[in-house]
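Right, dumping it as structure tokens:
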């Protein structure tokens with residue numbers, strides 16, 4: 001089991017998804033609180049998703065994507 005988060009491919013993927021969430025959120029001009037309200041989530045969930053430190057469910061990914069007005073797949077790859 002990797003001891004360094006930078007060597008963990010799962011952790012790197014979480015960071016990438018979080019980076020994409022943040023990028024889309026900023027691009028549409030929303031704060032974390034505003035996105036949380038749109039997505040029906042707590043603002044701490046948005047923060048956790050963006051910092052990539054916690055695994056998030058597909059349900060949360062769907063809600064965040066809907067709140068951002070993007071398809072869910074947009075959070076998994078660069079356009």
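Numbering (UniProt numbering), first residue to last: 1 to 79. Every residue gets a Cβ at the ideal spot worked out from N, C-alpha and C, and that includes glycine. These figures come from a predicted structure and were not determined experimentally.
The residue among 14, 11, 9, 28 with its C-alpha nearest the C-alpha of residue 67 is 28.
Listed in chain order, the alpha helix (DSSP H) runs fully inside the UniProt domain "HTH cro/C1-type" (21-76) are 32-39, 43-51, 58-68, counting runs of at least 4 residues. Rounded to the nearest angstrom, the Cβ distance from residue 75 to residue 21 is 6 Å, consistent with a contact under 8 Å. Straight-line measurement puts the Cα of residue 8 at about 30 Å from the Cα of residue 69.
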